[in-house]
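K.L.:
The structure under discussion is supplied below as structure tokens; questions concerning it will follow.
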Amino acid sequence: MDHLVDDDVDIISSMPHEILHRILSFIPIKLAIRTSALSRGWRHVWCETPCLDFDNLNYYREKPTAREINQTLSFYRALKITSFKFPIPRYALGPDIDSWIEFAVSRNVEKLNLVFLGYSSYKYDFQKIFYLSSSLTELFIQDFDAFRECTVVSWKSLRKLTLWGCSFTDDGSLRNILSGSPILETLELDYSAGPQRLDLSKSHSLRRLEIRGPTEIVAPHVHYLSLETSSEGPSCTLEDVSSLTEARFHIIMNDLSCPLKLDILQPMVLKLFAKLQNVKRLTFTGPVLQILSLAELHGIHYPTFKVETLTVETRLTRSVIPGLAMLLQNSPQLKSLKASPSCLIDIENRDLYRCLESQGLNPDQCWRSKYEAFPTSDEFFRMISYHRKDETWKLMVLFMEMVMKNVKTLETLVVEWKYIESIVSHESWFEEYFLQMLPTLSNNNNVFIVFKR
């Protein structure tokens, strides 16, 4: 037995360091250091691994201290860092942060991940060396309070930039960052304070944009757009998205205690739709479809879409279905529909009812005549909470029949059941109900139906 153990240890020790480095790149540095006790061959392997990850991926666990980071870096010997990821300790000093970033930049770091969770970053300014890192290909910064004084930026190799929960003190800082990133392909922005007009007309390489924050967007070169706008914030407009081939649109329901500004949201949604009518792949969420339902009640027409692949992330409730049905009718080229029941927060019934009552409409009668078989939001919640299989299956059938009725060009229908998987998780039950459903579902369109659990 001892001989076998020794042989195993020898095999590990004889492995090329490139392979060992690859193995260690998948774990936080704290665990990588512990591998030095495995054998003599592993003793100094972690010191040369090109990936340094100080983040244990759990916000509630203890984060590394400045002392631990400094001590770890003092033993590090690699001349090249491909990935450097660490959360800024709560009580870190500015000089320490400067030294860590300089350490990464001096070793030509390619992927840099900085998380300022819990750190008062409004007191900190990035040094010039940070903005002149020519090796950076991916940069992720989270919860940085104030970008300022970044007048000269030269990120010649940067292809992906993510600024999540960050703030800008002036419009020039973001403009300089973008102009200093000439081959940027992916931009993910979410800021609480910053420029309200985002002009990306000079970012010729930019193809993917995921954004939450600005209210005016000029992105003529972008092919994919994910737009999330707040239910409380100002109206968002798309000025130029002429190259779009795919888009996702979601309205974030923030303060549920405040009355919803539907008089602002509805015109905004209809204007955005006008800009998305030529996009081939679209994704909409529940709140967007609910606003379309309100528009349908008032006889408001929106444009005909050229969409071929449509995804809806929503609960299949009575306030959603009218808008979805109208959307399907206005999509004469639709070939594929994917329905993904979502746990995203929809517009509450009280806000919908308040809007209807203010316009002299009876909430109980508006959608009941045509869509009474579909559950209200409360009924849907109870159906899921109490695992009512019969009701769930009937809803599935109702939804598919509604789709077949409103789309004649459809080729593929995918129905997902992500967060209600427990209801359809028993395979025998699922198959039994599926066989019972087949005779009742009219499928004259020859649609290929896929169920995903």
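Residues 1 to 453 in the UniProt record's numbering are what the sequence shown lists, from first letter to last. We put the beta carbon where it would ideally sit given N, CA and C, even for glycine. Owing to the predicted nature of the structure, the values given are computational and were not obtained by experimental measurement.
1) How big is the Cα-Cα spacing for leucine 316 and tryptophan 367?
2) Tell me the start and end of each unbroken beta strand (DSSP E) in the stretch 318-345 that is at least 3 residues and wholly inside, in chain order.
3) Take residue 459 as the anchor and find which of Lys30, Arg107 and Tyr131 has the nearest alpha-carbon.
4) Who pairs with serine 414 in a beta bridge, going by DSSP?
5) Between which residues of its own chain and alanine 193 is the CB-CB distance below 6 Å, once the five residues before and five after are set aside?
6) Taking buried to mean at least 16 other C-beta atoms within 10 Å of its own C-beta, is valine 152 buried or exposed?
7) Counting only runs that start and end within the stretch 167-255, where is the beta strand (DSSP E) found for 3 or more residues in a row?
8) What is the DSSP secondary structure of lysine 85, reduced to helix, strand or coil?
9) Would you call the stretch 340-350 and the stretch 287-295 in contact, with 3 or more CB pairs under 8 Å?
10) Restricting to Cα atoms, I'd like to know which of Thr304, Phe144 and Phe374 is closest to threonine 169.
11) Quick check: what's the CA-CA separation for residue 459 versus proline 89?
12) Compare the C-alpha of asparagine 362 against each of Leu276, Ala325, Glu18 and His298 and name the closest.
13) Mapping the DSSP letters down to three states, classify lysine 80 as helix, strand or coil.
14) Let me confirm a value: aspartate 2 is counted as buried when at least 16 other C-beta atoms fall within 10 Å, else exposed. Which label applies?
15) In terms of alpha-carbon separation, which member of Asn254, Gln142, Leu398 and Phe284 lies closest to leucine 117?
16) Indicate whether proline 341 and tryptophan 393 have their beta-carbon atoms separated by less than 8 Å.
17) Name the DSSP bridge partner or partners of asparagine 113?
18) Once you ignore the five residues that flank valine 450 on each side, which residues in its own chain have a CB closer than 8 Å to its CB?
P.N.:
By the coordinates alone:
1) 14 Å
2) 336-340
3) Nothing about residue 459 can be read from this structure; the chain reaches only from 1 to 453.
4) The residue you asked about is not serine; residue 414 is valine in the sequence shown. Paired residues: Lys338 and Val450.
5) Ser167
6) exposed
7) 186-193, 197-199, 208-212, 216-218, 224-230, 237-240 and 246-252
8) strand
9) yes
10) Phe144
11) With the chain running from 1 to 453 in the structure shown, residue 459 is simply not present.
12) His298
13) coil
14) Only weak support exists for where aspartate 2 lies, its pLDDT of 45 falling under 50; the value from the coordinates is given anyway. The residue in question, aspartate 2, is exposed, as its Cβ has fewer than 16 Cβ neighbours within 10 Å.
15) Gln142
16) no
17) Lys85 and Phe140
18) Thr412, Leu413, Val414 and Val415
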